[in-house]
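Structure first, commentary second.
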Amino acid sequence: MTLDKTVATPAGAVADIPDGASLAVGGFGLCGIPMVLIDALLERGVGDLSVVSNNCGVDDWGLGVLLAAGRIRKMTSSYVGENKEFERQYLSGELELELTPQGTLAEKLRAGGAGIAAFFTQTGVGTQVAEGGLPQRYGADGSIAVASAPKPVQTFTVRGEEHEFVLEEAITTDFALVHALKGDRHGNLVFDKSARNFSPLAAMAGRVCIAQVEELVEPGVLDPDAVHLPGIFVDRIVEVGTGIEKRIERRTVREGN
Numbered sequence: 070m071t072l073d074k075t076v077a078t079p080a081g082a083v084a085d086i087p088d089g090a091s092l093a094v095g096g097f098g099l100c101g102i103p104m105v106l107i108d109a110l111l112e113r114g115v116g117d118l119s120v121v122s123n124n125c126g127v128d129d130w131g132l133g134v135l136l137a138a139g140r141i142r143k144m145t146s147s148y149v150g151e152n153k154e155f156e157r158q159y160l161s162g163e164l165e166l167e168l169t170p171q172g173t174l175a176e177k178l179r180a181g182g183a184g185i186a187a188f189f190t191q192t193g194v195g196t197q198v199a200e201g202g203l204p205q206r207y208g209a210d211g212s213i214a215v216a217s218a219p220k221p222v223q224t225f226t227v228r229g230e231e232h233e234f235v236l237e238e239a240i241t242t243d244f245a246l247v248h249a250l251k252g253d254r255h256g257n258l259v260f261d262k263s264a265r266n267f268s269p270l271a272a273m274a275g276r277v278c279i280a281q282v283e284e285l286v287e288p289g290v291l292d293p294d295a296v297h298l299p300g301i302f303v304d305r306i307v308e309v310g311t312g313i314e315k316r317i318e319r320r321t322v323r324e325g326n
């Protein structure tokens, strides 16, 4: 593996992502999403994608542009609001959905990147998350065509008390797409405040991680103590500049401001 992981263009960075690939995509709402890489995928016409991401953007932004073009087969997400096309596709049976509690989704990605096959958590015990039956795909007539399967539940003693825990399997994907504020040619990344969100976890889970960065610097410029994701997890890095469009999902201000 070469230490210089830079790629000249976003199109070149995603050139080998095939139809049917699985993707882990960073971002939370519209914050910290790798929009330039998503647009490059859209331009390539790649389809039948299985995507793991906290949400699926909005109707005309983020992963929503791939969804609207019919390129996504399955979403594994925590939050699916703010996207009417997502609702339409899911309820009509065009889109498969695996709903996952947000903290569990984060840990599934982290565990996958760390080489941990599965873990136990209390989140979801006593609900359909553990017991199964969550609609994952609807039929054209509105019936449930595919439902989630039951998960193993086991009792452990924690702090002297017995509690039930559900077994959750880790997530790994073929590729990961993330956005960072800065990165160096070795792939070390620095994220901007809350734009850090799911991105390091998504990057860890992808067998091939592709990062778009606003500013590319030479090795040694970044303070090692400030690096949020070490370059060992990053395979390709492409500079997209600081002038890229960034959207706010909902802007709220006080009256008079």
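Following the working numbering, the numbering of the sequence shown begins with 70 at its first residue and continues without gaps. Ideal Cβ placement from N, Cα and C applies to all residues, glycine included. Here the structure is a predicted model, which is why all the values come from computation and not from measurement.
In the structure shown, P79 adopts helical secondary structure according to DSSP, grouped into three states. Of the other Cβ atoms in all chains shown, fewer than 16 fall within 10 Å of the Cβ of G195; this residue is therefore exposed.
Cβ contact annotation for S263 (same chain, cutoff 8 angstroms, sequence separation greater than five): F97, C100 and G101, in chain order. When only Cα atoms are considered, P219 and A199 end up about 6 angstroms apart. T224 is bridged by DSSP to E233. Proximity to T190 across V259, L174, G182 and G201 peaks at L174, based on C-alpha coordinates. Taking C-beta separations shorter than 7 angstroms and ignoring five residues to either side along the sequence, the partners of A138 in its chain run L111, following chain order. CA-to-CA, the gap between D261 and Q223 works out to about 39 angstroms.
Three or more Cβ pairs closer than 8 angstroms define a contact, and the segment 199–215 falls short of that threshold against the segment 270–284. Membership of E156 in the alpha helix (DSSP H) is indicated by the continuous run K153 to S161.
The continuous beta strand (DSSP E) containing S146 extends over residues I141 to S146. Contact between the segment 82–98 and the segment 271–290 is established, with three or more Cβ pairs separated by less than 8 angstroms. The beta carbons of A109 and A80 sit closer together than 9 angstroms. The residue from G172, E314, G201 and A216 with its alpha-carbon nearest to that of E165 is A216. Secondary structure at L72: coil, using DSSP grouped into helix, strand and coil.
If you look at K251, you'll find it in the beta strand (DSSP E) that goes T242 to D253. From the listed residues M104, V322, I141 and I213, the smallest Cα separation to G114 is found for I141. If you keep only unbroken beta strand (DSSP E) runs of at least 3 residues inside the segment 178–219, you get 187–190, 204–207 and 213–216.
Closest in alpha carbon position to T311, among A249, G229, G133 and T192, is A249. Distances from the alpha-carbon of G126 to those of P293, R316 and R323 put R316 closest. For G275, the uninterrupted beta strand (DSSP E) run begins and ends at G275 to V286, by DSSP.
If you draw a straight line from the Cα of L136 to the Cα of E154, it is about 8 angstroms long. When DSSP states are grouped into helix, strand and coil, L92 belongs to the strand group.
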